[in-house]
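*Asks:*
2 protein chains.
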Amino acid sequence: MAATLKDVARLAGFSVTTVSRALNGHSDVSEETRKKIMEAAQALNYVPNRVAQQLVMGKSSAIGLYSLDRETFQNQFITLMISGLMDEATAHDLNLMLFATQRLQTAEEVVMQCRQRGLGGAVISGLRIDEDLIGHLPQMDFPIVLVDVPVHGPRATYVSVDNVLGARKAVEHLVSLGHRNIGLINGHSGAWVSHQRRLGYEQGMRDSGLAIKESYIFEGDFSKESGRRGAQHLLTVNPELTALFVASDLMAVGALEQLQAMGRGVPEDISVVGFDDQDFALHVSPPLTTIRQDMYVFGRLAARELIGMINDPGYTPRHVDLPCTLVQRGSSGPVRSKEVLR
Amino acid sequence: MAATLKDVARLAGFSVTTVSRALNGHSDVSEETRKKIMEAAQALNYVPNRVAQQLVMGKSSAIGLYSLDRETFQNQFITLMISGLMDEATAHDLNLMLFATQRLQTAEEVVMQCRQRGLGGAVISGLRIDEDLIGHLPQMDFPIVLVDVPVHGPRATYVSVDNVLGARKAVEHLVSLGHRNIGLINGHSGAWVSHQRRLGYEQGMRDSGLAIKESYIFEGDFSKESGRRGAQHLLTVNPELTALFVASDLMAVGALEQLQAMGRGVPEDISVVGFDDQDFALHVSPPLTTIRQDMYVFGRLAARELIGMINDPGYTPRHVDLPCTLVQRGSSGPVRSKEVLR
DNA sequence: CCCCTCATCCGAAACGTTTCGGATTCATTC
DNA sequence: GAATGAATCCGAAACGTTTCGGATGAGGGG
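Just so you know, the protein sequences line up as chains L and P, in that order. For the first sequence, position 78 matches number 83 in this note's numbering, and the numbering has no gaps at all. For the second sequence, position 98 matches number 103 in this note's numbering, and the numbering has no gaps at all.
1. Considering only residues of the same chain and omitting the five flanking positions on each side of Glu344/L, which have a CB-CB separation below 7 Å?
2. Rounded to a whole number of angstroms, what is the C-alpha to C-alpha distance between Val21/P and Lys11/P?
3. Measuring CB atoms only, is the segment 86-94 of chain L touching the segment 296-315 of chain L, in the sense that at least three cross pairs come out at less than 8 Å?
4. Note down, in chain order, each residue of its chain lying with its Cβ closer than 6 Å to the Cβ of Glu93/P, except the 5 sequence neighbours on either side.
5. Taking 6 Å as the limit between beta carbons, can you name the residues of its chain near Gln59/P, skipping five residues before and five after?
6. Thinking C-alpha only, which one of Asp284/P, Ser199/P, Ile217/P and Pro244/P is nearest Glu224/P?
7. With C-beta atoms as the reference, is Val180/L less than 9 Å away from Val164/L?
8. Taking Cβ positions only, does Pro143/L come closer than 9 Å to chain P?
9. Out of curiosity, what's the CA-to-CA distance linking Val312/L and Gln121/P?
10. Ends of the alpha helix (DSSP H) at Ala308/P?
11. Quick check on Arg55/L - is its C-beta less than 9 Å from some C-beta in chain P?
12. Pull the bridge partners of Ile190/P from the DSSP assignment, please.
13. Apart from the five residues just before and just after Lys218/P, which ones in its own chain have a Cβ nearer than 6 Å to its Cβ?
14. Using the beta-carbon of each residue, which ones in chain P are nearer than 7 Å to Ala7/L?
15. Given 8 Å as the limit, is there contact between the segment 14-32 of chain P and the segment 269-284 of chain P, that is, 3 or more CB pairs closer than that?
16. How far does the alpha helix (DSSP H) with Thr294/P in it extend, from its first residue to its last?
17. Mind pulling the alpha helix (DSSP H) runs of 4 or more residues that sit fully within the segment 38-70 of chain P?
18. Any heavy atom of the ligand NAP closer than 8 Å to the beta-carbon of Val271/P?
19. Grab the span of the alpha helix (DSSP H) containing Ala27/L for me, first residue to last.
20. In angstroms, rounded to a whole number, what distance separates the CA positions of Glu37/P and Glu44/P?
21. Can you list, in chain order, the residues of the segment 264-288 of chain L whose Cβ is nearer than 7 Å to any Cβ on chain P?
22. For chain P, check one thing: does any of its Cβ atoms lie closer than 9 Å to the Cβ of Thr84/L?
23. In the structure shown, what three-state DSSP assignment does Asn243/L receive?
24. Could you work out which residue in Tyr51/L, Met6/L and Ala7/L is closest to Val24/L when comparing CA atoms only?
25. Below 8 Å, can you find three or more Cβ-Cβ pairs linking the segment 254-261 of chain L to the segment 221-235 of chain L?
26. List, in chain order, every chain L residue whose beta-carbon is nearer than 9 Å to that of Asn186/P.
27. Quick one: Cα of Arg334/L to Cα of Arg297/L, how far?
28. Should Asp92/P be flagged as near chain L, meaning a C-beta pair shorter than 9 Å?
29. Quick check: what's the CA-CA separation for Cys329/L versus Asp299/L?
30. Can you give the Cα-Cα distance for Gln201/P and Val169/P, rounded to whole angstroms?
31. Under 9 Å, do Leu331/L and Thr295/L count as touching if we go by C-beta distance?
32. Run through the segment 157-190 of chain L for me and flag every whole beta strand (DSSP E) of 3 or more residues, listed as ranges in chain order.
33. What residues are listed by DSSP as bridge partners for Ser276/P?
34. Which bits of chain P does Thr95/L rub up against, with CB to CB less than 9 Å?
35. Can you tell me which residues form a DSSP beta bridge with Phe104/L?
36. For a contact meaning CB atoms closer than 9 Å, what does Gly123/L contact in chain P?
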């Protein structure tokens, strides 16, 4: 069906070799024949078969993304990241191939699956820090970029926002509004970001001269329901709380609903700050003050590091913590005056 | 790096041909040598190179998905569909390759891009009905499945939910709650689903013996802001309205906010029904009554039809309208008694 | 007139598979 | 004992590219 190099060669009256060299811009072909060959290729609607190219050149023509079956609540997270990955990959003439992180495979299996398909490298998202796959990845000599899980190696790196800074910003924001008694609803400990966000919370509290009480901290699991439980628990045990930093928007929405069900007004009685800036953060009432991470540039950066490793065997991948910003909306406000005066 | 057939052949002491046939389960190889060959393959950690396989067999090893840059508000829509596509593709030993529907290309370009990469077919989502690409697609002799745009051909079909039915269900639900004056905030006319949903709205009204007034219908563009404008406009012009059917959840949230800003209680003063059941529908207040489409099975069905065409040249693709269901939540309620009595 | 250089072209091998057609062996059948 | 047939195996071609190493011919310098 599709025209091949041989067809172009026949039509143009040259050898396959010359046609290939002409089309690839090599120097040892005269301008005149190059023109003829170009025309023939045009006429036949020729496009090189990437499969054949890949086989002979050994150069990969795509990168892989492992994602999309756990943490399904992070829909928007993934979508935007994919957009970033795709834009960056396309700019380097690479395609994007998707895989489900189903039952977690071993590092060897992942790498083999990629190699088999001619992929140059892969981005892996949605891993828990306790999966032993992670330890084996760096020494696989295959370009890998992890999402939100720290890893270091000559052919491996990771991308993440500066979660510590983000959490600190959240606390500082609340402190600047006069809050002193600030609780934390965290994600589960299987996620690396949970540790970071807790660290940031603690730093923020300490830097503001506030004590860190263990009873102010609740460990949820990123689900809306756990946010609800967290709010219920924290406010029952510590009625003096006037603000909550919640380590994900979804949990924050749960907390919001629970607080309102408990008759606590947000933000009059209690302020809430989330994390992520998922789209629904804007749609709940009150709209959620949150720490925004730009998943699009996140994706682009992941792809950039990956492609760096693929194209240059000597490339040493860097890790940069992406900035994240506070988006102030309706769920946070000044502490009630009586509280301040007290 | 990776072991090849030749390596296995050398280790096992047989020819490349025999090794290939042994590994592929052909009959003309004795059980004894098959076992030896298996062992050798195991020892070398051999996996067939799919690129080479693809080149020689001409069989595709992946399908394409065009999506993801327009209508970015449909995040969850796409994520779930991708999950469905991927599960179905994986079950048929196919991979999924992603493409951005950037500047809209011609049908020829799309097909060439796929052929060049050895894809067996493609799913295309996010097209407007007025793109002329659509008319050319059916005669391309390349398996294509469109999303939410009707198309028919020996190698082309489309998937969609039964939007007419969905809209009718929404109206019937509102009627069953006693509503008589029901407005419609529709999506833009570039989307096929908008026409269908309007059709369903009209059917539902007529079947309930209600008149269809042009002034009850507002054409938005699926954005939250347009939902807001729609609510503002419709209620200013028609103060007697007690219910709105809104053709997307995002617009419905806009409408919700606008209604509340106008001092109209939802659902006490006015009921709202959305469409899609995106995740945030559950998080807004009141939680949105909406028409749910199951995007996961949507994706699976799309893949199934596509793969049917790919694997069997004689396969005639079918179109089935997927069912959609009403999910009743807090944004719809019985019409106020004074209204009923009046 | 010969040798060298340069510009232009091409044959053939290679990438890692699958498969067609044939070759070999050995038992079976007439 | 030769022909038939089944059971095993293998060589070589093919898929569509790229590229190495050479081939050809023209022009220039000695």
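Even for Gly, the Cβ is constructed at its ideal location relative to N, Cα and C.
*Replies:* For this structure:
1. With a pLDDT of 45 at Glu344/L, under the threshold of 50, the modelled position of this residue cannot be trusted, and the question is left open.
2. The C-alpha of Val21/P lies about 6 Å from the C-alpha of Lys11/P.
3. Touching, per the Cβ criterion.
4. Excluding sequence neighbours, Glu93/P sits near Arg305, Ala308 and Arg309.
5. Result list for Gln59/P: Ser66 and Gly123, in chain order.
6. Measuring C-alpha to C-alpha distances from Glu224/P to each of Asp284/P, Ser199/P, Ile217/P and Pro244/P identifies Ser199/P as the nearest.
7. Taking 9 Å as the cut-off, the Cβ atoms of Val180/L and Val164/L do not count as close.
8. Closer than 9 Å to the CB of Pro143/L there is not a single CB belonging to chain P.
9. Correcting the residue identity first, residue 312/L is Ile in this sequence and not Val. Roughly 22 Å separates the two Cα atoms.
10. Boundaries of the alpha helix (DSSP H) around Ala308/P: Met300 to Asn316.
11. Output row for Arg55/L: interface = yes.
12. Bridge partners of Ile190/P according to DSSP: Phe223/P and Val251/P.
13. Within the same chain, no Cβ atom closer than 6 Å to the Cβ of Lys218/P is found once the five residues on either side in sequence are excluded.
14. Annotation: Cβ neighbours of Ala7/L in chain P (cutoff 7 Å, chain order): Arg120.
15. Between the segment 14-32 of chain P and the segment 269-284 of chain P there are fewer than three inter-stretch CB-CB distances shorter than 8 Å, so the stretches are not counted as touching.
16. Unbroken run through Thr294/P is the beta strand (DSSP E), Thr294 to Arg297; no alpha helix (DSSP H).
17. Correct list: 55-62.
18. No copy of the ligand NAP appears in this structure; indeed no ligand is present at all.
19. DSSP places Ala27/L in the uninterrupted alpha helix (DSSP H) bounded by Val21 to Leu28.
20. Spanning the two alpha carbons is a distance of roughly 11 Å.
21. Near chain P, meaning a CB-to-CB distance below 7 Å, the residues of the segment 264-288 of chain L are Asp284, Phe285 and His288.
22. Judged by the 9 Å Cβ criterion, Thr84/L is in contact with chain P.
23. In the structure shown, Asn243/L sits in coil (DSSP, three-state: anything other than H, G, I, E or B).
24. Among Tyr51/L, Met6/L and Ala7/L, the Cα nearest to that of Val24/L belongs to Tyr51/L.
25. Verdict: yes, contact present.
26. Those within 9 Å of Asn186/P in chain L number zero; the least Cβ separation is about 26 Å.
27. Going by the C-alpha atoms only, they are around 12 Å apart.
28. Asp92/P counts as touching chain L.
29. Each residue's Cα considered, the two are about 7 Å apart.
30. Going from the Cα of Gln201/P to the Cα of Val169/P covers about 5 Å.
31. Closer than 9 Å, so yes.
32. For the segment 157-190 of chain L, whole beta strand (DSSP E) runs of length 3 or above, ordered along the chain, are 161-166.
33. Looking at the DSSP assignment, Ser276/P forms a beta bridge with Ala248/P.
34. Here the neighbours are Phe104, Ala105 and Gln107.
35. The partner list for Phe104/L (beta bridge, DSSP) reads Tyr71/L.
36. Listed along chain P are Asn54, Arg55 and Val56, each with a C-beta nearer than 9 Å to that of Gly123/L.
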